[in-house]
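Encoded as structure tokens, the structure appears first; notes follow it.
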Amino acid sequence: MNLNNIFATLDSQIPIVALEVLSPEEATIIQWLTTQAQEKLESPVFFWNLGVSGLEQCLIADDGGLVFKPVPEYKRPAHADPLLYIFEYINSFDGVSVFILDDVHPFVGKNSPQLSWEILTRIKNLYHRLKPTEKRIIFLGQNIELHESLVRLIPFAEVPLPTVEQVQEHLYSYLNYLSESATEQDVPFRVLLTTEERESLSRAALGLTLEEISDFLRLTVKERLSSNGITIDRTVTPLVVKYKTRLLAQMGIELGKPATIPFGGLDLLRDWLIRRRRLFTQQARSLNLPQPKGVLLAGPPGTGKTLIAKNIASILNLPLLQLDIASMLGSLVGESEGNVRRALKTAEAIAPCVLWMDEIEKALSGSSDTSGVSQRILGNILSFMSECTAGVFVVATCNDPSALPSELKRKGRFDENFFVDLPTEPERVQILKIHLERFGIALQQEYLEAIAANTNKFSGAELETLAAEAALLAFDEDRPQQVTLGDLMQCCENITPLAVNDAAAIERMQAWSKTARAASSTVQTTTKSLRTPRLRNIN
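6 is the number of the first residue of the sequence shown in the numbering used here; add one for each residue after it.
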């Protein structure tokens, strides 16, 4: 059921519908439902939840605001169950009406510990009894997951996050409202935004609800109030990003920062990404070219998959979102799945973007999950990947592909499954060069090649450690940034690669790589002599 069809549904002798909405938007949606019910059904609207002592009628004030008026006829006996009583009241109510029942779904939720069979039965009975009447019920709440016996009875819809056009329109109207309020108080109010800056501000606010955007604007106006009045200009854009970052972090979504370190090697993966960069442009979308779905990056720990994920966003010129599934796991039944669904919808609202899921096997393996949460979360992610057309590029990293559900690894789920192996010798040269330069050290190419030839089986993380340890050694000996080949070899001897310590696990992973696409070109391994290098300080 589409949100815009909710009243057509109610007017078609379907007496109960469920509407999922984010908590910040509840008041806005209740106001919209009240207006729509009056216009399309000529019906009064009533509101009830467990936090309200009685029943309230929803009214639209002269200024367009929402008003709740207690219903004096609603008198629940002290001993009566609140939920059962409201059902009885609705059943006996006389006349056209729409009842919004808020947060009822935990009592009729699938696998919910609060599930009441008496309430479930009452709802089914009420559904059939209300069909021939003009009384209607809207279940409202967040993370709604109805019991199986209600799924085919009660249509479900959700309130989507606003589009960029809706955000832009809301920003324009709400800034006008704030300007009028300031003018009434003789406070100068200036909006100094060009058309391009308004668009940038709107895009920066994507992923927020309209109510959250209103909250942000009110807070910003309060903070910017000075003796010269209030000025809204382009400096507001980074503030809304900061505000959004804080809110999304509470949902388990991190707004990733651009990669500050490039990744070395992986030429095949890099070329594959560059060829798909233009598919996210407006030109490609206008031609209805298929949007890339994403990549699975599997490989031994320390091979730079996290760094690659951050760099992918830079290569594709897209914002980066990191999805922390572990932080979304809740104690209530349906809460975890609801949190993941909400996060995926947020990514869709911000799209085009890169959505990064780090070490996805830990969240989805489900080896110790007896409640089926991991399987349901996996189902949400798979459905999202197959249905989303907004331009969300999913990057999933994995240290142990054998722990991944087979549904996620099958061909076609991602655009490609890439195997990120231990770096080849030329890649080790690039990686060492990158990390040495971070410390202001430039080693001649022939000596980089020499050390690379003698660090076989080192991962990217171990090469980073090698560079850092050598830089520290030189600093301790009062020759900062003067790292010698001897320093590197001395530090190299103190590092035992994981590929040596856990050779069997690496070999199993490399065997799996035959089912995936290589991220790097194959090269021959060589051995070079180690001579004293000439050093250059790049500072």
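We put the CB at the ideal spot given by N, CA and C, even for glycine.
- For LEU292 against ALA162, the beta-carbon gap comes to about 32 Å, at or over 8 Å, which does not count as contact.
- Secondary structure note for LEU278: its alpha helix (DSSP H) is the uninterrupted segment 272-281.
- In this structure, ASP420 sits near PRO297, with a CB-CB distance shorter than 8 Å.
- In the DSSP assignment, GLY465 falls within the unbroken alpha helix (DSSP H) covering 465-481.
- Shown here, ILE266 sits in coil according to DSSP, grouped into three states, outside any helix or strand.
- Shown here, ASN461 sits in coil according to DSSP, grouped into three states, outside any helix or strand.
- Within the region 167-244, the runs of beta strand (DSSP E) that reach at least 3 residues and sit entirely inside it are, in chain order, 194-196 and 235-237.
- Going by beta carbons, LEU38 and VAL50 fall inside the 8 Å limit.
- The Cβ-Cβ distance between ALA524 and LEU271 falls below 8 Å.
- With a beta-carbon spacing of about 7 Å, LEU120 and VAL113 fall inside the 8 Å limit used to define contacts.
- Between ILE258 and THR351, the beta carbon gap of about 6 Å places them in contact (Cβ cut-off 8 Å).
- Taking 8 Å as the cut-off, the beta carbon of THR460 is found closer than this to the beta carbon of ARG433.
- Secondary structure of VAL103 (DSSP, three-state): strand.
- For LEU151, the pairing in a beta bridge is given by DSSP as GLY114.
- Scanning its chain for C-beta atoms nearer than 6 Å, with the 5 sequence neighbours on each side dropped, one finds around ILE237 the residues VAL196, in chain order.
- Distance from the Cα of VAL378 is smallest, within the candidate group ASN344, GLU228, SER219 and CYS358, for ASN344.
- Just measuring C-alpha positions, the residue of LEU155, THR33 and SER117 sitting nearest ARG127 is LEU155.
- With 16 or more other CB atoms across the displayed protein chains lying within 10 angstroms of its CB, SER341 is buried.
- A direct Cα-to-Cα measurement between GLN18 and THR138 gives close to 8 Å.
- Membership of ILE386 in the alpha helix (DSSP H) is indicated by the continuous run 378-392.
- Around ALA356, the same chain offers ALA395, GLY396 and VAL397 as residues with beta carbons nearer than 6 Å, after the five sequence neighbours per side are excluded.
- Setting aside the 5 residues that flank it on each side, LEU493 is surrounded in the same chain by ILE456, LEU471 and ALA475, each with a C-beta closer than 7 Å to its C-beta; the list follows chain order.
- Between the region 483-490 and the region 506-521 there are fewer than three inter-stretch CB-CB distances shorter than 8 Å, so the stretches are not counted as touching.
- Counted as a single uninterrupted DSSP element, the alpha helix (DSSP H) harbouring GLY491 occupies residues 490-498.
- Shown here, GLY343 sits in a helix according to DSSP, grouped into three states.
- The alpha-carbon of ILE91 is positioned some 26 Å away from that of GLY70.
- Contact check for LEU183 against LEU222 passes: the beta carbons are separated by less than 8 Å.
- The residue among LEU166, ALA209 and PRO295 with its C-alpha nearest the C-alpha of ARG239 is ALA209.
- Taking all protein chains in view, the Cβ of LYS262 is surrounded by fewer than 16 other Cβ atoms within 10 Å, so the residue is classified as exposed.
- LEU301 sits close to ASN422, with the two beta carbons spaced by under 8 Å.
- The region 20-36 makes contact with the region 157-174: 3 or more CB pairs, one atom from each, lie closer than 8 Å.
- Taking a contact as a CB-CB distance under 8 Å, the pair ASN404 and GLU366 counts as one, their CB atoms being some 7 Å apart.
- Contact between GLU364 and LEU383 does not hold, since the beta-carbon distance rounds to 15 Å and is not under 8 Å.
- Counting along the chain, VAL397 sits inside the beta strand (DSSP E) bounded by residues 397-403.
- Excluding its 5 nearest sequence neighbours in each direction, SER219 has C-beta neighbours in its own chain below 6 Å: TYR179, listed in chain order.
- The beta carbon of CYS393 lies closer than 7 Å to those of GLU353 in the same chain, with the five residues before and after it left out.
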